[in-house]
Every structure is written in structure tokens, then in C-alpha cells.
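Heads up: the protein sequence lines correspond to chains A and B, in order. Per the working numbering, residue 1 is the first one in the first sequence, and the count goes up by one each step. Per the working numbering, residue 188 is the first one in the second sequence, and the count goes up by one each step. Below: one structure, written as C-alpha cells.
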Amino acid sequence: MDPAVKKGATRRDFLYLTAGAMGAVGAGCAAWPLIDSMNPAADTLAAGSTEVDISKVEVGSALTAVWRGSPLFIRHRTPAEIKSVRDMDWKSLRDPQPDEARTLKAEWIIIKGVCTHLGCIPLGQKPGDPRGEFNGWFCPCHGSQYDVSGRIRKGPAPLNMFVPPYKFVSDTVVHVGSGHDFPNPGF
Amino acid sequence: MSGSKEKDKFDNKTVQWINDRLPIFSMMNNEYGKFQTPKNFNYFWNFGAIAMIMLMIMIITGVFMAMNYVPSTTEAFASIQHTTREVNYGWLLRYMHMNGASFFFIAVYIHLFRGLYYGSYKKPRELVWIFGVVLLLLMMATAFLGYTLPWSQMSGWGATVITSLFSAIPLVGGGIVTWLWGGFSVGQPTLNRFYAFHFLLPFIICAVVFIHVWALHVSGSNNPAGVEPKSDKDTVPFHPYYTAKDSFGTVVFMTIYFAVVFFAPLLLANPDHFKPFNHLQTPPEIVPEWYFLPFYAMLRSFTVGIKIFGHTLITAKQQGVAAMFGSILILFFVPWLDKSPVKSARYRPVFKWALRLLVLNMVMLTYAGGLPAIGKALVMGRIGAAYYYFFFLVLLPYLGKREKTLPLPESISADFTARHGHGCCATVKKALVPFTLGLGLALAPHAAHAADTPPLPNLHWPEQGIFGHYDKAALQRGFQVYKEVCSNCHSMKYVYYRNLEAIGYTKEQIKALAASYQITDGPDENGQMYQRPGKPTDHLKSPFPNPETARAALNGALPPDMSNLVNAREGGPNYVYAILTGYVPAPKDFHVMAGHMYNEYFPGHQIAMPQPLVAGQVQFQDGTPNTLDNEARSVAEFLDWASNPHMEQRKRLGIKVILFMLVFAGVLLATKRKVWSDVT
Numbered sequence: 001m002d003p004a005v006k007k008g009a010t011r012r013d014f015l016y017l018t019a020g021a022m023g024a025v026g027a028g029c030a031a032w033p034l035i036d037s038m039n040p041a042a043d044t045l046a047a048g049s050t051e052v053d054i055s056k057v058e059v060g061s062a063l064t065a066v067w068r069g070s071p072l073f074i075r076h077r078t079p080a081e082i083k084s085v086r087d088m089d090w091k092s093l094r095d096p097q098p099d100e101a102r103t104l105k106a107e108w109i110i111i112k113g114v115c116t117h118l119g120c121i122p123l124g125q126k127p128g129d130p131r132g133e134f135n136g137w138f139c140p141c142h143g144s145q146y147d148v149s150g151r152i153r154k155g156p157a158p159l160n161m162f163v164p165p166y167k168f169v170s171d172t173v174v175h176v177g178s179g180h181d182f183p184n185p186g187f
Numbered sequence: 188m189s190g191s192k193e194k195d196k197f198d199n200k201t202v203q204w205i206n207d208r209l210p211i212f213s214m215m216n217n218e219y220g221k222f223q224t225p226k227n228f229n230y231f232w233n234f235g236a237i238a239m240i241m242l243m244i245m246i247i248t249g250v251f252m253a254m255n256y257v258p259s260t261t262e263a264f265a266s267i268q269h270t271t272r273e274v275n276y277g278w279l280l281r282y283m284h285m286n287g288a289s290f291f292f293i294a295v296y297i298h299l300f301r302g303l304y305y306g307s308y309k310k311p312r313e314l315v316w317i318f319g320v321v322l323l324l325l326m327m328a329t330a331f332l333g334y335t336l337p338w339s340q341m342s343g344w345g346a347t348v349i350t351s352l353f354s355a356i357p358l359v360g361g362g363i364v365t366w367l368w369g370g371f372s373v374g375q376p377t378l379n380r381f382y383a384f385h386f387l388l389p390f391i392i393c394a395v396v397f398i399h400v401w402a403l404h405v406s407g408s409n410n411p412a413g414v415e416p417k418s419d420k421d422t423v424p425f426h427p428y429y430t431a432k433d434s435f436g437t438v439v440f441m442t443i444y445f446a447v448v449f450f451a452p453l454l455l456a457n458p459d460h461f462k463p464f465n466h467l468q469t470p471p472e473i474v475p476e477w478y479f480l481p482f483y484a485m486l487r488s489f490t491v492g493i494k495i496f497g498h499t500l501i502t503a504k505q506q507g508v509a510a511m512f513g514s515i516l517i518l519f520f521v522p523w524l525d526k527s528p529v530k531s532a533r534y535r536p537v538f539k540w541a542l543r544l545l546v547l548n549m550v551m552l553t554y555a556g557g558l559p560a561i562g563k564a565l566v567m568g569r570i571g572a573a574y575y576y577f578f579f580l581v582l583l584p585y586l587g588k589r590e591k592t593l594p595l596p597e598s599i600s601a602d603f604t605a606r607h608g609h610g611c612c613a614t615v616k617k618a619l620v621p622f623t624l625g626l627g628l629a630l631a632p633h634a635a636h637a638a639d640t641p642p643l644p645n646l647h648w649p650e651q652g653i654f655g656h657y658d659k660a661a662l663q664r665g666f667q668v669y670k671e672v673c674s675n676c677h678s679m680k681y682v683y684y685r686n687l688e689a690i691g692y693t694k695e696q697i698k699a700l701a702a703s704y705q706i707t708d709g710p711d712e713n714g715q716m717y718q719r720p721g722k723p724t725d726h727l728k729s730p731f732p733n734p735e736t737a738r739a740a741l742n743g744a745l746p747p748d749m750s751n752l753v754n755a756r757e758g759g760p761n762y763v764y765a766i767l768t769g770y771v772p773a774p775k776d777f778h779v780m781a782g783h784m785y786n787e788y789f790p791g792h793q794i795a796m797p798q799p800l801v802a803g804q805v806q807f808q809d810g811t812p813n814t815l816d817n818e819a820r821s822v823a824e825f826l827d828w829a830s831n832p833h834m835e836q837r838k839r840l841g842i843k844v845i846l847f848m849l850v851f852a853g854v855l856l857a858t859k860r861k862v863w864s865d866v867t
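Right under this line is the structure:
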């Protein structure tokens, strides 16, 4: 090939590639604001915490609050229930976690009440509800069964129910959304 | 679209497989790779592609705006505020969308002018032209519908005025208007259906664009010489020659568009667009967007009914409405009004000047349409409307028959050779002047607003200019003034305590500040409202629970919400400063009504707000002398921040975007030159 022609062709290829690359980069950068606009807005992020009064929750009963649009299960556990979830071989569970790593105070279990299978809300908060074989929660959609620590024991769900960050503001008020961060492997 | 049975061959097997079943690659190749295009286009031929890109930008930003928009009369305005303030890059979506409409119209108007100037509507391209006019009508409808959605003063009253145009139709007009509204005034049903149509029409526009381009590809493109291609020497394949040229032109156009989006997003916006719709009070001056002003001026030019034997045959209203709609509809008939065998205005010495005069006429109409409808605006409107119709109904047919035209070039390639190398952009450069002038004049009336008040002081604000940013100390002083003085009457319901972090307060300070207010919340489990300390996520506490309480407490006056005040006033922070320092004794012969004060800068001079600030009123925590000047300046700057909280982020991103676009334009220009270097 004539060197002059070749030089011209190289220059043309270089310009094509540069123009194409800049177009692609520009379009890519332009896509980011669009994608990011679908993330939670500033007000949604700011509204991430809630305070719950737990003074009226008797031993053995439960309260359902709302946190970030999802139900928050708060259960005042009996000594027998605490014993059932603590004196056991947790290492053999599907999602192995000791109850101590999921609670701040032994008598209170606080979890996001959403089944880790496909997002339904398990039963077990009201007195007449089925609670499954482990006396915790039973998901009516596909039969996942949780114990009184919110750990998955039977059924299709892969993980324990999520423990949100929280702290006790006083003995009767719990602040959910910030405070102690619990390990939630898998989330 | 090719009728040939022969199958195209492609190197890539996947492409071949798809193409054998759905010949989409053959189509692309035929319509762009092989499509022969006259080689003598000037830059006016960019604007079809530019309009197409603007349509895409409008659809994309529009879909993402729709994800945040609530079509409810009580929520719409707030949802737009929420998009602008709280949604990630929401301000960018909104400013791209609202300015995108203007730039879409700029592109389309230049495209339309190109068609008229070079006779692109003539045989065999009549249908290309007609579908183009259909597109213009659809675009106008879509733009109007979109303008109503923020449910601002301009939205609501624009919707009322435009729908009321149909009441000019004899007998059934009133019924049609009620039907359009779905009620007896513009309201919830109107907003809902306008939203549905605003979402639907762009997709119909896409379909018509397809037909427009299809028809164009059957007849082939016109060109500046206006002679049809005779041989292969006259044409080049569309790709890569015109893809390269269109890309360059598009990027230049978009650089200007982005400069407005990032550095002057409210340049073309009316301040009344930042006030929520009040269905009991029309703003003193209502004007449409600049791109409708010429037609609006024609609408207002007719003030006397036509009478026969004492009976009004055609009312002034009917004449105005007919003139306005007629001005667009007449475009459909242009291919038959102009019978000249010569297409391009280059070779039509009289037509050329008649058309340039029409452009100037449109500029004058734009200017007139933005002025209050009295005096010289009406005179200009009448002259403008008269020339417009004279051009289409008299000049076009007459010149088509009688004009002595110049000799046409032998062929496109002869024209190309004659012009190649010297001043390819001369035509565009010449045309830029009237278009820029037109845009400038469209804006001019806003500045001339409220002639009975002195011109606003033109202070220097630290946030001005491309590199300007807010002065945090001034913002904090301004917040102190708001908190201690303004907040006794004015709410700021789109600003939250947590937002104050941006002006330099710590999280702890904000928590303490919020907690110092008692906020009504509820109902609790007993159904009772209760008081609780404020939280950072609360909006700044409103002084009154509802507008009625405010009116009852303040002598019937309703203090406006201040979240958007600077954007909602002509002159922005200068206006706020002027009002705060404009309380002077009334002239001797001026009667001030009870419950009002005299203020030099307030339109009409009678203001219901007692003088809010005096020297020494606020003890600034940072020790700044508490002169009236300092108090007024800092609160004006604070309100500017409240209206435009993302300004600094916007300018920072803008600088990056503009730099990128300039480099990109340079690369594309080099590419275009390289591609065209072998065309002689």
C-alpha cells in the first residue's frame, strides 16, 4: 500500500475510534443521572429512622411497628422462649447465628418482618396466628418457618429475618434505624 | 423497504442470520449506507437530525420526570419541587426537560425555515412537508400540555386561556370547552387527561417522524441549489458523509443547550411558573413560552368585531382565534400556493427578501407577543399578522408566476465545485443574527416589567457567574434573619431542617434547632393530634397551620411561601433586597390605603407587609454590623440558596460537561473534515 494512503487511513481510523469512544463515554455518563434518579431520594433516605414505645408490650406478646415502609416485628419473649433459642446447637442451622448476635436484650427480639424467601409477611404476631413448629413465625406464602429469634428453620427461605440497626433510648423506647449494627450475613 | 429479492451478504454470521429473517440490516444499509444524498448541503441540513436528537432527549428525560410526578391538583406543584430538590439529579432532569422544549423548537423552527428558503416543500416532496406541519402541530400541542403539568400560576392560567380558544367556535364552543376541562373550570380531571396526553403524544410524534423520514427517503433530499441530482457525481452516501457532519452539528448545538441547562436554567422561564396555581387570581401578565409568542401576538391583534346591519357577524375573539390557528394551518397549503418552478431562494431575488422579511416579521411578533396587550404591542401585532398573511396568500402565488429568476447551476456538483472551500457556513452565519435577535427580543419584555417602579438595584452576589458560590457565613446570617423575622409570617415548606447542613450547620446543631420547635403530629392511637419536638426531617415550621388562619391573623393578606421566592420574582435576590430596603415615605399626593405601606419597588407601591427589617433589628452571631443593608443582603442570599439549593453542584457538573462537549466537537470536526477530504 502507498504509505501516504496508509497514513491517511490510520488517521481516519484514529479519528473514528476517538469520536466513537467519546460518544460512548458521553452516553454512558449521561445514563448515570437517569439511573441514580431512581435511587431513594434525599427525603426517603433521611426518613430512615423511627422511635417505638414498647412499654405496653406484655411478656409473650408482640407489637408490629413500621420501619422504612416494612413491618417491624417486636416480640417480648418469655424465659422459656429465650431458653429455646439460646440453649441449642445454632451452628447446624441453615443460616448459623447465635441468638446473642441478633438481640441487644434477651427478652426483646426486634426484626424486619419480611420473609427472606420472596418478601411476604410471616404470621405469628397476633395471638391466634399459626407460628410454625418452632413457635416463632410462619410464612403463609410458601411455608417458611422461623424460630423466636427470627432464624430460618424449615421451608424454602435462605436467610434469617433481617435485624435492623437499633438502640434503646430508655427501657421503654427503642430507636430503630441507627445505633447498634447487627451482622446480617447474606444481606 | 427494498423490494429486491436478492439477499444482502454480511460478514458477521449473527447479523446474517437475523437479516435473513428480518432484513433490518439491509434496511439500515439501504437507507443510510447506500442512500444517495446531494453533496452540497450546508449546515442548515443539520437541523432535522438535531430535532430528532432533541425528541429523544425529551422522551428520555420526560419518562424519568414522570417517575417522580404526581398528577394531582394538590400534589403536582409539590412533586415538581420534590423532583428538583430531593431526587438525585432531579434538578438536571427538570432543567434538561424544560429547556429541552425550547431548544427542540429552536431546531424545528430553523428546520422549517430551511424548508421554506430552499423550496423543500415542492414537487415531489409535498408529503414530506405536510407531515412536517403535522409534526409541528403535534409538538405545539405536546409543549402546551407539558406546560400545564407543574400546576403553577402559568400552568393553570395557560390551560384556561388555550382551552378557552375553542369557545370561539359558534354554537358548540362552550360545550367543547366544558368537555375539554371535564368540569366547569380547569381542575383535577383536566390535569389528569393533560398528563395522559402529554405522555402519549411524543410517541405519536415518533410514528409521524418515521413517516416524514420514509417519505423523504422516497423522494430524496432537496439541496441548497434546488436542482435534482443527475448523476453519481452529484451525491455521496449518507453514511459516513452526513453522519459525520450531522454529529458535529448536533454536538455544537447541544453544547449551547447544555450551557443554558447548567448555567442559566431559568433564562427562559417565567417567574409565575414558580408560584402554585391559584384558580381565583390570574397573574397580572400572562404570556406563553417564547416559541408561541408570534402566534399569541396575532391572537391579540383583533379587537373590533365585523358588523353587518348592526349585527356582529364575526366577533373580534373569533377573528383572533382564526388568525392564530390559520397561521399554522396555512402552512399545509404552501406547496400549492407557491408554483414557482425554481426551488431555492438563492435564485429567486424577490422571494429571498420577502422570506427574510417574514423572519424579521416573526421576530417582531415575538417581541410584541411578550409585551402587555396595549399600545405599540397591538400595532406591531396587526402589522405582523397582516404581513404574515400577505406573504402566504399574495406574495407566494404572485412571485411564483411573475418573478424573474436567476439561472440555475448546471448540476449539484457544479454548484459544489463553485462554492467549495469558500464560506460554506456563510449562510448559517447570516441567519444566526435574526434567530439570536428573535430569542433576545422574546426575553426583553420580561426585563421591562412594572414600568412604574424604579429599576432594581444591581448588587453583586457571590453566587453569580460560572464560578460563583454561596457565602456560607452570609447564608447563616440570612437564616438567622429568616428565623427571627420572616418566619413569623412566611412559611418555607419545601426546605427541611436537615437541608441546613448545606449552609454549614452541624448535625447536632440542626437536631437542637429542630427540637426547639413544637410540631403538630398525629393522629395517635387515640385519634388525637399531639405536639412533639421537631426532627431534622421536618420542614421549617410554618407560622400558620393553613392559609385561612394566616389571612385571619394578617388583615386578609396571605404571605407567600418563601421556599421558591427568588425564582418566583423577576430580578431574583435583587428584588428581595429592593423590597426590604424600599420602604420610603409616600409622595405627598399618593394615597396609601389602610393596612398598607408605601414601597418604591412593589408593583403599584401599596404593600400589605409592614416594613419587616430595620437597622439593628437582628444581632448577628458572627458580629457582622447589623445595618439594614447587611440584613437585607444576607436574607436575600439565603432565599436564593433556598430556591436553588443545587446551584453549586449544577455549575461544577456544567463545567465538566461543557469541556467534554467542546473536545468532542473538536474531534468530530476533524473526523468530518477527514471524511470529506476525498470529495471534490
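All C-beta atoms in this analysis are idealised placements derived from N, C-alpha and C, irrespective of residue type, glycine included.
Taken atom to atom, the span from the alpha-carbon of L352 of chain B to that of H399 of chain B is near 29 Å.
Residues of the same chain with a CB within less than 8 Å of the CB of M780 of chain B, apart from the 5 flanking positions on each side, are Q793 in chain order. The Cβ atoms of A346 of chain B and V508 of chain B do not sit closer than 7 Å to each other. Annotation for S600 of chain B: the continuous alpha helix (DSSP H) segment containing it runs I599 to R606.
The Cβ atoms of W368 of chain B and F264 of chain B lie no closer than 7 Å to each other.
By alpha-carbon distance to V114 of chain A, the top candidate from A:R102, A:Y16, A:L45 and A:L72 is A:L72. The shortest CA-to-CA distance from A510 of chain B to any of B:Y534, B:L453, B:F577 and B:P463 is the one to B:F577. Just measuring C-alpha positions, the residue of B:R820, B:A823, B:W828 and B:K221 sitting nearest N686 of chain B is B:W828. Put simply, the region 218 to 236 of chain B does not touch the region 265 to 284 of chain B. Fewer than three CB pairs are less than 8 Å apart. Here M716 of chain B is exposed, its C-beta having fewer than 16 other C-beta atoms within 10 Å.
Of the residues A:P165, A:V174 and A:E133, the one whose Cα lies closest to the Cα of G155 of chain A is A:E133.
For Q808 of chain B, no pairing in a beta bridge is given by DSSP. The residue from A:F14, A:D95, A:I54 and A:R94 with its alpha-carbon nearest to that of K167 of chain A is A:I54. Around the beta-carbon of F234 of chain B, 16 or more other beta-carbon atoms lie within 10 Å, marking it buried.
In terms of beta-carbon proximity, S37 of chain A lines the interface with chain B, with at least one pair separated by less than 7 Å. Here A819 of chain B has V763, Y764, L767, T768 and L800 as same chain residues with Cβ atoms under 8 Å from its own Cβ, once five neighbours each way along the sequence are excluded. Residue contact with chain B for M22 of chain A: present (Cβ-Cβ distance below 7 Å to some residue of chain B).
Contact check between the region 380 to 393 of chain B and the region 325 to 343 of chain B: three or more CB pairs, one atom from each, fall below 8 Å, which counts as touching.
Ranked by Cα distance from T437 of chain B, the first of B:M243, B:P760 and B:D207 is B:M243. Listed along the chain, the chain A residues whose CB falls inside 9 Å of the CB of Y382 of chain B amount to none; the nearest CB is some 19 Å away.
G571 of chain B sits buried, since 16 or more C-beta atoms from the chains shown fall within 10 Å of its C-beta. Note that the C-beta distance between A431 of chain B and T858 of chain B is below 7 Å.
Residue-level contact by beta carbon holds for L855 of chain B and chain A, with a gap shorter than 7 Å. For the beta strand (DSSP E) assignment, the uninterrupted runs of no fewer than 3 residues enclosed by the region 376 to 459 of chain B are, from N- to C-terminal side, 422 to 424. Between the C-alpha atoms of R153 of chain A and F397 of chain B there is a straight-line separation of about 59 Å. Chain A places no beta carbon closer than 7 Å to that of K728 of chain B, leaving this residue out of the contacts. Fully enclosed alpha helix (DSSP H) runs of no fewer than 4 residues occupy 263 to 272 of the region 248 to 288 of chain B, in order along the chain. The criterion of a C-beta distance shorter than 7 Å is satisfied by S178 of chain A and P165 of chain A. The C-alpha of H298 of chain B lies about 33 Å from the C-alpha of V364 of chain B.
Per DSSP, the continuous beta strand (DSSP E) segment holding R75 of chain A begins and ends at S70 to H76. Counted as a single uninterrupted DSSP element, the stretch harbouring Q718 of chain B is not any alpha helix (DSSP H) but the beta strand (DSSP E) occupying residues Y717 to P720.
Here L467 of chain B is exposed. Its C-beta has fewer than 16 other C-beta atoms within 10 Å. Within chain B, the residues whose beta carbon sits less than 7 Å from that of A42 of chain A are E273, listed in sequence order. Three or more Cβ pairs closer than 8 Å define a contact, and the region 846 to 861 of chain B falls short of that threshold against the region 279 to 296 of chain B. If you check the CB distance, S70 of chain A and K126 of chain A do not come in under 7 Å. Bounds of the alpha helix (DSSP H) holding R543 of chain B are P536 to G557.
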